[in-house]
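Each step along the sequence shown adds one to the number in numbering that gives the first Met the number 0, with nothing skipped, and position 61 is 60. Note that the Cβ used here is the ideal one computed from N, Cα and C, for glycine as well.
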Amino acid sequence: MTQAGGWQREAQPDLAVERILDAADEAFARHGVSSVGMARIAEFAGCSRGTLYRYFPTRHALHAAYVDRAALRVIARVRERLAGIRDPRERLAEGILASVAEVRAHPGTAAWFAGGAQASAARMSRASELVVRLTRRFVAEIVGPASGDAESRLGASWLVRVILSLLSNPGADDAEERRLVERFATPGFFGR
C-alpha cells in the first residue's frame with residue numbers, strides 16, 4: 000500500500016476516482032483543458048502519475064470520465080429547475096437554457112468551452128454514451144417515446160448539438176439566447 004499524499008492502493012477505488020476527477024476539475028478551471036496534462040492532474044490530486052494511470056490509463060479515459068460525471072451533475076440540476084414545467088415546448092427551451100447555464104456556472108466545465116477546447120468538448124460530449132442516454136431520456140420525457148431507436152438517437156444528437164453550439168458560440172446575452180432557442184430550436188424540434 001502506498002501512503003503518499005493519503006493515497007492507498009485500491010483501498011477505496013471510487014473515492015480515488017472522485018478525488019482525481021475533483022483535481023482535474025480544479026486544474027481545468029485554473030489552467031484550461033488544453034494545457035492540463037496528466038502530470039498536472041496528478042500534482043493537483045496529490046498523487047504520483049503511476050497512481051493516476053492506475054485509475055485512468057489515458058488522458059482520453061480521464062476526459063471521458065470527467066465529461067460523464069459533469070453530465071450527471073448538470074442533468075440533476077436541470078431536472079430540479081424543470082420540476083414544475085409541464086408544457087413540452089417550454090420544458091425543452093428551459094432544458095436547453097438551463098443546461099447551458101449550469102455548464103457556464105461551474106469553472107471546471109466552463110473551461111471546456113474556452114481557450115480552444117471547444118472541439119474537444121464537442122467530440123467528448125457526442126461520443127459519450129452516457130450523455131446520449133441522458134439526453135434521449137430527457138427527449139422522451141418531453142415528447143414521449145420516439146417512434147424508434149434511430150429517431151430517438153437523432154433527437155438526442157440534435158439536442159446535444161444545440162447546447163454545444165450555444166456553449167461554443169454564445170449569444171450577445173441571455174435574452175438573445177432565449178430568443179434563439181424559442182424561435183428556432185424549439186420549433187425545429189417539434190417540426191413547426
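| Item | Value |
| --- | --- |
| Host alpha helix (DSSP H) of Q117 (start-end) | Q117 to A126 |
| Per-residue DSSP class, three states only, for D86 | coil |
| Where D172 sits in the DSSP three-state scheme | coil |
| Alpha carbon of R80 to alpha carbon of A97, nearest angstrom | 7 angstroms |
| Distance, R29 Cα to D172 Cα | 25 angstroms |
| Closest residue to R33 among V16, R58 and A22 (Cα-Cα distance) | First, the amino acid is wrong: residue 33 is Ser here, not Arg. That would be R58, whose Cα lies nearest to the Cα of S33. |
| Three or more C-beta pairs below 8 angstroms linking the region 42-50 and the region 64-73 | no |
| Where A149 falls: helix, strand or coil (DSSP) | helix |
| Environment of D24 [buried if 16+ CB atoms lie within 10 Å] | buried |
| Y54 CB to nearest heavy atom of the ligand SAM below 8 angstroms | What this structure holds is no ligand at all, so the ligand SAM is not there to describe. |
| Any 3 or more C-beta pairs closer than 8 angstroms across the region 128-142 and the region 177-184 | no |
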